[in-house]
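Note sheet for the following structure.
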Amino acid sequence: MVVMQTRGSSKLTPKERKELIVDLCRSLVVLRSTEEVAEALTDLLTPKEVETIAKRLKIAEYLSSGKDYVYIRDVLKVGYSTIARVNTWLNLSGVGFKVMLSRRKKSPKQESIEEIYDPLSWRNIKRRYSLYFWPQLLFEEIVKTADRGEKKKIADAFEKLDLKRRRFNKWENKQLYQMFSSKLTLKGKTR
């Protein structure tokens with residue numbers, strides 16, 4: 006763990022600084038939602054510090070996706086030195102940036118006005134005939150709210166459901182029905 010020397014921190018020993026940072030990390034890790042993280046950041050940092058951190062993360066995202074310095078400077082209103090510094094951090098290590106960017110949940114796709122009000126859009130067909138689509142709608146809603154571990158468990162469960170669907174097709178069901186119905190009628194006649 007790299008502990009940066011900042012103004013005013015010289016009164017703390019390196020060990021004390023490290024303990025403070027570890028404690029901060031442990032405190033942030035217990036937050037469970039975007040709202041909780043936002044509340045914590047706004048409580049801990051000034052608006053300018055939050056903006057600076059957000060810009061650094063966005064710079065890392067843009068650099069990782071191949072955007073050039075001019076584009077990043079124009080969009081985020083930052084200097085070339087800031088972009089170069091984030092680029093250096095990415096090239097030297099960048100593990101933290103890469104983890105955050107890879108694990109970050111994608112924001113849901115915004116539906117266009119046309120899609121919302123078009124009666125023949127797929128969204129509205131699923132809503133209108135929801136009884137036909139309820140398993141899919143339920144699955145989509147669960148996946149939206151589940152974390153990564155839960156998503157894997159859910160995907161595995163639905164994979165098993167798909168296996169069952171493929172295994173117990175009409176032909177198999179008919180054979181099972183005939184096999185058990187013949188046994189039931191035999192039992193009924195012997196009584």
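All letters in the sequence shown, in the order written, are residues 6 to 196 by the working numbering. Idealized CB from N, CA, C, for every residue including glycine.
Under the three-state DSSP convention, the category residue i falls into
i      : result
Phe163 : Here the model assigns Phe163 a pLDDT of 48, short of 50, so the residue's position is not dependable and the matter cannot be decided.
Leu95  : helix
Pro19  : helix
Thr47  : helix
Val35  : coil
Val55  : helix
Tyr137 : helix
Ser186 : helix
Val80  : helix
Lys175 : helix
Gly101 : helix
Ser86  : helix
Lys72  : coil
Ser126 : coil
Arg132 : helix
Arg61  : helix
CB of residue i within 7 Å of CB of residue j, strictly
i      : j      : result
Ile77  : Tyr67  : yes
Leu81  : Lys53  : no
Glu120 : Arg133 : no
Leu46  : Val35  : no
Ile88  : Ile64  : yes
Close beta carbons around residue i, own chain, < 8 Å, minus the five adjacent residues each side
i      : result
Gln141 : Lys131
Thr18  : none
Asp28  : none
From the options, residue whose alpha carbon lies closest to that of residue i
i      : options                        : result
Val104 : Ile58, Asp48, Leu62 and Arg128 : Leu62
Val91  : Val80, Tyr74, Asp79 and Ser107 : Tyr74
Ser69  : Ser107, Leu136 and Thr39       : Ser107
Arg37  : Phe102, Asp123 and Arg109      : Arg109
Gly71  : Leu33, Trp139, Val83 and Leu95 : Leu95
Cutoff 7 Å; reference residue i; Cβ partners in own chain excluding five residues on either side
i      : result
Tyr182 : none
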